[in-house]
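Engineer:
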Amino acid sequence: MSAFTLTDAYVSINGVVLSDHGNSVTVEDNRETKDFTAFGATSKAVGKGLGDAKITVRLFQDFASGKTHATLQPLIGSTTPVTIEVRATSAARSATNPAAVMSALLFTYNFLQGDIGEPSMTTAEFSNASQAGMTYPTA
Amino acid sequence: MTNLYRALTPAAEAAFSDGVFEADFTSSQERDWLDSGLLELVPRRYRVLSDNYELPKDNTFVATMLVEIEQALVGAGHIERVDDEPSEEDEDEPEDEPVEEAEASATQEES
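Quick mapping for you: the protein sequence lines, in order, are chains V and G.
Using the numbering used here, you'd call the opening residue of the first sequence number 456 and step up by one each time.
Using the numbering used here, you'd call the opening residue of the second sequence number 16 and step up by one each time.
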């Protein structure tokens, strides 16, 4: 796959595919920056600390059964991690369409956000909840 | 919401039940018991109700789900339980009602 335009991203939350309600997704896989600079150094020496991961999804709000609110609202009160998977396209996982998968907790759920005359959107932020962190399976 | 569990040690059997049993644990209680290795989840059958679950609508599947995961999916209308009672190992349970009484009550209902 060469450079591409994002048109058909796949978003699955707790086994529920909400791609048809989404229009923005961000997958972050981070490592803390640690400063190991000691006396006598002339430049900073930095190393990596603990890993962290986050997936942010912006979705059109929908209060129908099985849609955005019904799927996300139980997760904000839940302490059990759920699997969230994001792919660049809705095609099956492959070497050229890898998935980003993590076991996550929902930490932010914006029930209602928007301006007059604009579509009602909601943003959901999932943070890593397992030692595996973000994984990138291709099959 | 209750879930199905199986006791894995004599101590757990003494505390709960032999074989498969249903219990109404909180999510943290459930996590503690499962992490301790004393209990395991028992698979149950579900039917897909929505058109955006990872399996096609109306399909049935067997899975073990943590209580909060199941609550989230059932509450959102994505899946429903197909069998509400233990289906794997409930053959050992004795009949509550003798055969004659069952027949009698069935006859009464018919009349």
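Backbone N, C-alpha and C fix where the C-beta goes; we use that ideal spot for every residue, glycine too.
Do you know offhand how far Ala559/V's Cα is from Leu54/G's?
Structural biologist: Position 104 of the first sequence, counted from the first residue, corresponds to residue 559/V. Position 39 of the second sequence, counted from the first residue, corresponds to residue 54/G. Going by the C-alpha atoms only, they are around 24 Å apart.
Engineer: Taking the C-alpha atoms as reference points, what is the distance between Asp517/V and Ala91/G?
Structural biologist: Counting from 1 along the first sequence, the entry for residue 517/V is found at position 62. Counting from 1 along the second sequence, the entry for residue 91/G is found at position 76. C-alpha separation (whole angstroms): 12 Å.
Engineer: At 4 residues or longer, what runs of the alpha helix (DSSP H) sit wholly inside the segment 45-104 of chain G?
Structural biologist: 82-90
Engineer: Compute the Euclidean distance between the alpha carbons of Val512/V and Phe491/V, then round it to the nearest angstrom.
Structural biologist: To locate residue 512/V, count along the first sequence from 1; it is residue 57. To locate residue 491/V, count along the first sequence from 1; it is residue 36. Cα to Cα, Val512/V sits roughly 35 Å from Phe491/V.
Engineer: Quick check on the burial criterion: 16 or more other C-beta atoms within 10 angstroms. Buried or exposed for Phe562/V?
Structural biologist: Here residue 562/V corresponds to residue number 107 of the first sequence, with the count starting at 1. Exposed: under 16 other Cβ atoms inside 10 Å.
Engineer: Return the chain-ordered list of same chain residues with a C-beta closer than 6 Å to the C-beta of Glu85/G, the five sequence neighbours on each side being excluded.
Structural biologist: Residue 85/G sits at position 70 when you count from the first residue of the second sequence. For Glu85/G, where only same-chain residues beyond five positions count, there are no Cβ hits under 6 Å.
Engineer: Give me the residue from Thr523/V, Ile571/V, Gln568/V, Pro536/V with the minimum Cα distance to Met618/V.
Structural biologist: Residue 618/V is absent from the structure shown; chain V starts at 456 and stops at 594.
Engineer: Going by DSSP in three states, Glu487/V sits in which element: helix, strand or coil?
Structural biologist: Translated into positions along the first sequence, residue 487/V becomes position 32. Looking at Glu487/V - three-state DSSP - the assignment turns out to be strand.
Engineer: Contact check, Lys503/V vs Arg486/V under 8 Å by CB: the rounded distance?
Structural biologist: Along the first sequence, one-based indexing puts residue 503/V at 48. Along the first sequence, one-based indexing puts residue 486/V at 31. Yes, Lys503/V and Arg486/V are in contact; Cβ-Cβ is about 4 Å, under 8 Å.
Engineer: Decide if the segment 41-61 of chain G is in contact with the segment 18-25 of chain G; the criterion is three or more beta carbon pairs, one per stretch, under 8 Å apart.
Structural biologist: yes
Engineer: Check whether the segment 517-536 of chain V touches the segment 63-82 of chain G, taking contact to mean three or more Cβ pairs, one atom from each stretch, closer than 8 Å.
Structural biologist: yes
Engineer: To which residues of the same chain is Ser549/V closer than 7 Å at the C-beta, ignoring the five residues directly before and after it?
Structural biologist: Along the first sequence, read from residue 1 onward, the residue named residue 549/V stands at position 94. Counting only Cβ-Cβ distances below 7 Å, and skipping sequence neighbours, we find Thr593.
Engineer: Comparing the C-beta of Leu560/V with each C-beta of chain G, is any distance below 8 Å?
Structural biologist: On the first sequence, position 105 is the one that residue 560/V refers to. So no, Leu560/V is outside the interface.
Engineer: DSSP state of Gln586/V, grouped into three classes?
Structural biologist: As a position in the first sequence, residue 586/V is number 131, starting the count at 1. DSSP places Gln586/V outside both helix and strand once states are collapsed to three, so it counts as coil.
Engineer: Using the Cα positions of Glu69/G and Val541/V, report the straight-line distance between them to the nearest angstrom.
Structural biologist: To locate residue 69/G, count along the second sequence from 1; it is residue 54. To locate residue 541/V, count along the first sequence from 1; it is residue 86. So the two alpha carbons sit approximately 13 Å from each other.
Engineer: Quick one: which chain V residues come within Cβ less than 8 Å of Ser189/G?
Structural biologist: One cannot answer for residue 189/G here, as it falls past the ends of chain G, which runs 16 to 126.
Engineer: Going straight from the alpha carbon of Val82/G to that of Asp463/V, what length do you get?
Structural biologist: In the second sequence, counting from the first residue as 1, residue 82/G sits at position 67. In the first sequence, counting from the first residue as 1, residue 463/V sits at position 8. Spanning the two alpha carbons is a distance of roughly 32 Å.
Engineer: Buried or exposed: Arg60/G, going by 16 or more other Cβ atoms within 10 Å of its Cβ?
Structural biologist: By 1-based counting over the second sequence, the position of residue 60/G is 45. Per the 10 Å Cβ criterion, exposed.
Engineer: Mind pulling the chain G residues with CB within less than 7 Å of Ser467/V?
Structural biologist: Taking the first residue of the first sequence as 1, we reach residue 467/V at position 12. Going along chain G in sequence order, the residues near Ser467/V (Cβ under 7 Å) are Glu69.
Engineer: Please compile the residues from chain V whose C-beta is within a distance smaller than 8 Å of the C-beta of Ser127/G.
Structural biologist: There is simply no residue 127/G to check, as chain G begins at 16 and stops at 126 in what is shown.
Engineer: Using the beta-carbon count (16 or more within 10 Å), is Asn18/G buried or exposed?
Structural biologist: For the purposes of this step, residue 18/G is taken as residue 3 along the second sequence, with counting starting at 1. By the C-beta density criterion, Asn18/G is buried, having at least 16 other C-beta atoms within 10 angstroms.
Engineer: I'd like to check one pair, Tyr465/V with Thr544/V: are the Cβ atoms closer than 8 Å?
Structural biologist: Mapped onto the first sequence, residue 544/V falls at position 89. Mapped onto the first sequence, residue 465/V falls at position 10. Going by C-beta atoms, Thr544/V is nearer than 8 Å to Tyr465/V.
Engineer: For Val471/V, collect the residues of the same chain with a Cβ closer than 7 Å to its Cβ; drop the 5 residues on either side in sequence, then sort them by chain order.
Structural biologist: As a first step, residue 471/V must be located in the first sequence, where it is residue number 16. Contacts found: Thr526.
Engineer: Give the residues of chain V in contact with Ala87/G, contact being defined as C-beta atoms less than 8 Å apart.
Structural biologist: Along the second sequence, read from residue 1 onward, the residue named residue 87/G stands at position 72. Chain V residues near Ala87/G: Asn469, Thr526, Pro529, Leu530, Ser533, Val537.
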